[in-house]
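Residue numbers (full-length UniProt numbering): 1 to 221.
Heads up, the beta-carbon is just placed ideally off N, CA and C, and yes, glycines get one too.
Taking it in order: structure first as structure tokens, then the write-up.
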Amino acid sequence: MRINVLQHTPNEGPGSILDWAEVHNHEVYTYHPYQFGHLPTADETDMLVILGGPMSPNDDIDWIKAERKLIKELLDNNTPIFGACYGAQQISKTLGYPVTKAPAKEVGWAPVHLQSHVIPGIPETLQALHWHEEMFEVPDGAELLFSSDAVKNQGFVLGHHVVGLQFHFEPKPNNVREMVVNDFNYIPGSILKQTKEDILATKVPEENRAVMFRILDYLSQ
1 MRINVLQHTP
11 NEGPGSILDW
21 AEVHNHEVYT
31 YHPYQFGHLP
41 TADETDMLVI
51 LGGPMSPNDD
61 IDWIKAERKL
71 IKELLDNNTP
81 IFGACYGAQQ
91 ISKTLGYPVT
101 KAPAKEVGWA
111 PVHLQSHVIP
121 GIPETLQALH
131 WHEEMFEVPD
141 GAELLFSSDA
151 VKNQGFVLGH
161 HVVGLQFHFE
171 PKPNNVREMV
181 VNDFNYIPGS
191 ILKQTKEDIL
201 ATKVPEENRA
211 VMFRILDYLS
221 Q
């Protein structure tokens, strides 16, 4: 299977998603549309992974609009899609729903609570890395998958082929360090009131990698 990854900033990479692809002998092609402007075609995409980034789906930027055209084609084809943070917002906006300011800015580690058991084997509560202040609307026909204490819309699953998460399960320890040392200016103002030192001192839960695998297994069935 060819997995096309859309990466939107150097410091938010695919993390454990690459581990899953390697275990299953899938090929991964990583695109950087914010820098080069190139996107894969629908015909050469067996699974699309849309990562986070500092931009908003509401920004009037050509490559952001082009991404949504690709997403629309893949949705029409029932191609598996996983979106993290900005990626989940892009999916929701492609389906015609607004992306708005969340009730609270969340940056740091905080629990998310499972709202649907459609994907088997996911614990009821998990510690996730949050790095956002905007929020998607859960599309009609989708199930709310996760909520946090401050923001209800934290994840959704649409059919058997689309999952969007507002937060991050994919970062490994080195990915977290890369996010913090490069984007620490974004941390102040978060309702979580964590410093960069707090975020770095928190161990990445081992179960997050396992849950990321379960989600991707579900999408690729």
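Residue range of the unbroken beta strand (DSSP E) whose run includes residue i
i, result
"Gly164", "Val162 to Leu165"
"Asn77", "Unbroken run through Asn77: none, as it is neither H nor E."
"Ile50", "Met47 to Ile50"
Pairwise C-alpha distance: residue j and residue i
i, j, result
"Asn25", "His130", "30 angstroms"
"Tyr86", "Leu6", "11 angstroms"
"His113", "Asp198", "22 angstroms"
"Ile71", "Phe167", "20 angstroms"
"Lys203", "Ile91", "30 angstroms"
"residue 290", "Gln35", "Here the chain covers residues 1 to 221 and nothing more, so residue 290 does not appear."
"Lys152", "Val180", "25 angstroms"
"Pro94", "Leu216", "The sequence shown places Thr at residue 94, not Pro. Rounded to whole angstroms, Thr94 to Leu216 spans 21 angstroms at the Cα level."
"Glu44", "Asp59", "27 angstroms"
"Leu51", "Ala150", "22 angstroms"
"Ala42", "Lys69", "10 angstroms"
"Glu170", "Ile3", "15 angstroms"
"Ile81", "Gln154", "16 angstroms"
"Val157", "Ala142", "6 angstroms"
"Thr195", "Gly83", "26 angstroms"
"Val49", "Asp183", "22 angstroms"
"Met47", "Tyr29", "11 angstroms"
"Pro205", "Asp19", "16 angstroms"
Residues bridged to residue i [DSSP beta-bridge criterion]
i, result
"Leu114", "Phe146"
"Ala128", "Ala110"
"Thr100", "Met135"
"Arg2", "Glu27"
"Ala84", "Leu165"
"Gly155", "Phe146 and Leu165"
Continuous alpha helix (DSSP H) stretch holding residue i: start and end
i, result
"Asn174", "Pro173 to Asp183"
"Ala210", "Glu206 to Ser220"
"Thr195", "From DSSP, Thr195 is part of no alpha helix (DSSP H); its letter is neither H nor E."
"Ile17", "Ser16 to Val23"
"Gly159", "From DSSP, Gly159 is part of no alpha helix (DSSP H); its letter is neither H nor E."
"Pro33", "Pro33 to Phe36"
8 angstroms Cβ shell around residue i - same chain, five flanking residues per side excluded
i, result
"Thr100", "Glu134, Met135 and Glu137"
"Arg214", "Ile119, Pro120, Gly121 and Ile122"
"Trp63", "Pro33, Tyr34, Gly37 and Leu39"
"Tyr186", "Pro54, Val107 and Trp131"
"Glu27", "Met1, Arg2, Ile3 and Ala21"
"Ser220", "Met1, His24, Met47 and Pro80"
"Leu200", "Val176, Arg177 and Val180"
7 angstroms Cβ shell around residue i - same chain, five flanking residues per side excluded
i, result
"Gln115", "Leu144, Leu145, Phe146 and Ser147"
"Gln89", "Pro57, Val99, Glu134 and Phe136"
"Glu22", "none"
"His38", "Tyr31"
"Glu207", "Pro123 and Leu126"
"Pro54", "Thr9"
"Pro103", "Ala150 and Val151"
Spatial neighbours of residue i in its chain, beta-carbon cut-off 6 angstroms, leaving aside the 5 residues before and after
i, result
"Tyr97", "Glu137 and Pro139"
"Arg209", "Ser16"
"Met212", "Ser16, Phe169 and Glu170"
Residue i Cβ short of 6 angstroms to the ligand GDP heavy atom set
i, result
"Leu74", "No copy of the ligand GDP appears in this structure; indeed no ligand is present at all."
- request: Count the C-beta pairs between the segment 170-179 and the segment 7-17 that are closer than 8 angstroms, then say yes if the count reaches three, no if not.
  value: yes
query: Is the segment 190-200 in contact with the segment 107-122, if contact means three or more CB pairs nearer than 8 angstroms?
result: yes
- prompt: Are there three or more Cβ pairs, one per stretch, closer than 8 angstroms when the segment 153-166 is compared with the segment 66-83?
  reply: yes
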